[in-house]
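J.: From first to last, the protein sequence lines stand for chains A and B.
Position 84 of the first sequence, counted from 1, bears residue number 84 in our numbering, the numbering being contiguous throughout.
Position 129 of the second sequence, counted from 1, bears residue number 129 in our numbering, the numbering being contiguous throughout.
First, the structure itself, so that you have it in front of you.
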Amino acid sequence: MNQEELLIKKDRMRFIKNKLPANLALLAILFDVFYFVSIYQSDVRDYYYTIMIGASILYNLVFMLACFLSSEGIKNYKLGYAWLLAGLGIGQIVRIFVLPAQAHATELKKVGRVMADGQYTFVVVCLVVSAVCCLAAALIGGYRSVVLKQYQATLETKSA
Amino acid sequence: MAQLRLEHVDKIYDNKVQAVFDFNLDVKDGELIVLVGPSGCGKSTTLRMIAGLEDISRGHLFLDGKDITQTPAKDRDMAMVFQNYALYGHMTVYENMAFSLTLRKEDPNVIHKKVLAAAEILDLTSQLNKKPSQLSGGQRQRVAMGRSIVRNPKVFLFDEPLSNLDAKLRGATRREILLLHKRLGATMLYVTHDQTEALTLADRIVCMSMGHVQQVGTPLELYDSPANLFVASFIGLPPMNFFDVTVKGDKLEGKDFQVPLTAEEQKTLSSYQGKEITLGVRPENIVEGGSLQIKVFSNENLGMNTLVHGHLGSARITAKLRGWKNYKEHDVVNVSFDRKHFFDKETTNAIGREQKQ
Ligand SMILES: Nc1ncnc2c1ncn2[C@@H]1O[C@H](COP(=O)(O)OP(=O)(O)O)[C@@H](O)[C@H]1O
Ligand SMILES: [Mg+2]
């Protein structure tokens, strides 16, 4: 790509929404939904895990809301939302070790393993994909936001 | 380069209604042609046939010498701007303008350049990120035009594009279309029922009535030497006054009034001695001072001019007099006609127009 095409590509960002990272953030929500639909399946009559699932559902609500807002924000090249997305992505990784990993490692007398191997793999994959989407959205979206901001600054100095 | 030629074009709808009769027109490259006529006279039908949205029942259509009578609309390289702007509400102005090119899978960078260039021409650069709902009627109209401009068509077609705008905006948008025509140098066909729009915009006007072309000519030609009674009555505001008169030597005799004729006018009417004709006089061709007497019944001040309505003999007459007048009902104003139009009673054609041209 030559210099002029690069410039036009930057110029286009002024009018075209930051769609790729916005869609990645929506994809992250989708995989998060797969995850939490799956943990509902766990039929545990154990006080600790009931609480954990409840807390997880609450976090899910927060995650989905934040992720959706970030999707809209990053669509309009708002840099702050890139940081939020990065945080959410890291959060998804951390979550693997909070509920699923513990549940997978724990055996209860009445029901056996709280989370069986198959379900555990599925849940981890969901969270990892969700995390990757968030982080990629943060990276791409953040990069483009910075590029656009710098480009707009050069336009302003030119017109000033 | 875009020359459009219509040869003996007829339109007969499926229900056997003939909307257009033997339409002939030669549009030169870069010309702005206005089709004008009352509602239902077949203007839209003609435009839609040119665009390819209606079949041509008989006759031929040529673009740059190539017969495109059977060519489907999408391959005709024409752009139609509709009365309702048909913009996509969920897209920004930029996206609306880019849309047709995006559909054609053009290079985004090329699209970008075209959209920015069109926005520049239309003065929409600062509106590109807005949605249509955030724009005024005039701006929406310009976006609709922008969508056509980016396609760089050979011919622009407008079907009453200003009828959704209020009077003030209409004037402004009209001037913008004129400016646009100058900047693009594009061939344009413009349909309207408003004779003012036709006079102000057109390089040439095509005046239609009931599916028939009545006259083709420059605005001045249509205004100053209308071909027949219909054109005379349609062009000009307030409309021309008409009187039934009989040619009697050096004057015209009407109902309880007489109009003197100049030597030249007598020559024009030489073959009509003793016959009845229709006399047409534009309100603005009536001047104060003279032998004709108007019995006033109302007086409208327009500022620079005054419209005086009254009777000449027993016929109704409207005069547009210069300056601010304050005539009362029953006042008598002496006037004369400084320009007269004569029409054959049977054919309704203008008398003496052939010799003049
Ligand atoms: N689809 C149609 N089918 C039958 N008759 C039509 C159709 N469209 C228009 N007409 C008739 O053709 C004539 C001309 O219509 P149109 O071209 O729309 O007039 P204008 O645009 O000058 O007001 C009218 O008498 C109208 O009723
Ligand atoms: Mg119409």
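Where a beta carbon is used, it is the ideal one built from N, C-alpha and C, also for glycine.
(1) Nearest-angstrom Cα distance between B/E54 and A/S71?
(2) Just checking: is the beta-carbon of B/A350 within a distance shorter than 8 Å of some beta-carbon in chain A?
(3) Any C-beta of chain A sitting closer than 8 Å to the C-beta of B/K105?
(4) Going along chain B in order, which residues have a C-beta closer than 9 Å to the C-beta of A/R95?
(5) Strictly under 8 Å for the Cβ-Cβ distance: is A/N18 near chain B by that measure?
(6) Would you mind sorting B/A263 into buried or exposed? The rule is 16 or more other CB atoms within 10 Å of its CB.
(7) By the criterion of Cβ-Cβ separation under 9 Å, what are the contact partners of A/F15 in chain B?
(8) Run through the DSSP bridge pairs and tell me what B/C207 is partnered with.
(9) Taking the runs of the alpha helix (DSSP H) that are 4 residues or longer, which of them lie wholly in the region 241-324 of chain B?
(10) Look at the Cβ atom of B/H193, then the Cβ atom of B/L32, and state whether they are nearer than 8 Å.
(11) Within a Cβ cutoff of 7 Å, which residues of the same chain sit near B/W324, ignoring the five residues on either side of it in sequence?
(12) Give a single yes or no on whether B/S44 has its beta carbon closer than 7 Å to a heavy atom of ligand 2.
(13) Using a cut-off of 8 Å between C-beta atoms, extract the partners of A/I165 located in chain B.
(14) Does any C-beta atom of chain B lie closer than 8 Å to the C-beta of A/E5?
(15) At a threshold of 7 Å, does B/V332 count as lining ligand 1 (C-beta to nearest heavy atom)?
(16) Measuring alpha carbon to alpha carbon, tell me which residue in B/G280, B/S291, B/K295, B/D107 is nearest B/I351.
(17) So which of B/M49, B/K43, B/R316, B/V93 has the shortest CA-CA distance to A/I16?
(18) Would you call the CB atoms of B/L292 and B/F257 closer than 8 Å?
(19) Leaving out five residues before and five after B/K328 in sequence, what residues of the same chain have Cβ atoms less than 6 Å from its Cβ?
(20) Please report the Cβ distance between B/V259 and B/F337, rounded to the nearest whole angstrom; I am assuming they are in contact, meaning their Cβ atoms lie under 8 Å.
(21) Quick check: the Cα distance between B/V213 and B/R353, rounded to an integer number of angstroms?
(22) Got a sec: which bits of the region 123-153 of chain A sit with their beta carbon under 9 Å from any beta carbon on chain B, in order along the chain?
T.: Quick answer:
(1) Going by the C-alpha atoms only, they are around 46 Å apart.
(2) Residue contact with chain A for B/A350: absent (no Cβ-Cβ distance below 8 Å to any residue of chain A).
(3) False, the Cβ-Cβ gap to chain A never drops below 8 Å.
(4) Under the 9 Å cutoff, chain B gives no residues; its nearest Cβ is about 35 Å from A/R95.
(5) No, because no Cβ of chain B sits closer than 8 Å to the Cβ of A/N18.
(6) Of the other Cβ atoms in all chains shown, fewer than 16 fall within 10 Å of the Cβ of B/A263; this residue is therefore exposed.
(7) Think of a sphere of 9 Å around the beta carbon of A/F15: the chain B residues whose beta carbon falls inside it are T92, V93, Y94, E95, A98, H112, V115, L116, L128, N129, in chain order.
(8) BP columns for B/C207 point to B/V36, B/Q215.
(9) Fully enclosed alpha helix (DSSP H) runs of 4 or longer: 263-268.
(10) B/H193 is not a Cβ neighbour of B/L32, given a cutoff of 8 Å.
(11) Excluding sequence neighbours, B/W324 sits near N301, T306.
(12) For ligand 2, at least one heavy atom lies less than 7 Å from the Cβ of B/S44.
(13) With chain A covering only 1 through 160, there is no way to say anything about residue 165 of chain A.
(14) A/E5 counts as touching chain B.
(15) Flag unset: Cβ of B/V332 not near ligand 1.
(16) Closest option to B/I351, Cα to Cα, is B/G280.
(17) Its Cα nearest to that of A/I16, the residue B/V93 stands out among B/M49, B/K43, B/R316, B/V93.
(18) A contact, by the Cβ cut-off of 8 Å.
(19) Within the same chain, and ignoring the five residues on either side of B/K328 in sequence, no residue has its Cβ closer than 6 Å to its Cβ.
(20) About 7 Å; that satisfies the 8 Å criterion.
(21) Going by the C-alpha atoms only, they are around 17 Å apart.
(22) Answer in chain order: no residues at all.
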